[in-house]
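One structure below.
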Amino acid sequence: MTHANAPLTPTGRLRMVHRHLHDGIPQAHVAAEFRVSRPTVATWVARYRAQGEAGLQDLPSRPHRSPAQLDPVLVAQIHALRRERKWSARRIHHYLVS
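Numbering (this note's numbering), first residue to last: -11 to 86.
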């Protein structure tokens, strides 16, 4: 399924890529025709060249991992301070960094 804000479906992307690769239309002209930016055309052309039609599908928007995620031990400590001492986030922050 295409993202809600995606200007083109995978079928539209394929048409756009074919206009450039098979019809020989410059990327800037294809971009104007499909009402997208030239870098957008370049992105889809590169993905098509690398992966074929499968590359024109949407990628998941969810990250593979969350590197900024807090350590579970720290999260448990924060929850305990909130529950037992009724401290605000600011107070907990100052307590933990000192």
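Beta carbons: idealized from backbone N, C-alpha and C, even for Gly.
Where the alpha helix (DSSP H) through A65 begins and ends: For the purposes of this step, residue 65 is identified with residue 77 of the sequence shown, where counting begins at 1. Checking the sequence shown, residue 65 turns out to be Gln, not Ala. Element bounds for Q65: P60 to R73.
W75 at chain B interface by Cβ criterion, 8 Å: Going by chain labels, chain B is absent from the structure shown, which holds only one protein chain.
R7, enclosing alpha helix (DSSP H) - first and last residue: In the sequence shown, residue 7 corresponds to position 19, counting from 1. Segment P(-2) to L9, the alpha helix (DSSP H) holding R7.
Simplified DSSP state of G12, which is helix, strand or coil: One-based indexing of the sequence shown puts residue 12 at position 24. In the structure shown, G12 sits in coil (DSSP, three-state: anything other than H, G, I, E or B).
CB of V18 within 8 Å of CB of R7, strictly: Numbered from its first residue, the sequence shown carries residue 18 at position 30. Numbered from its first residue, the sequence shown carries residue 7 at position 19. Contact flag set, yes.
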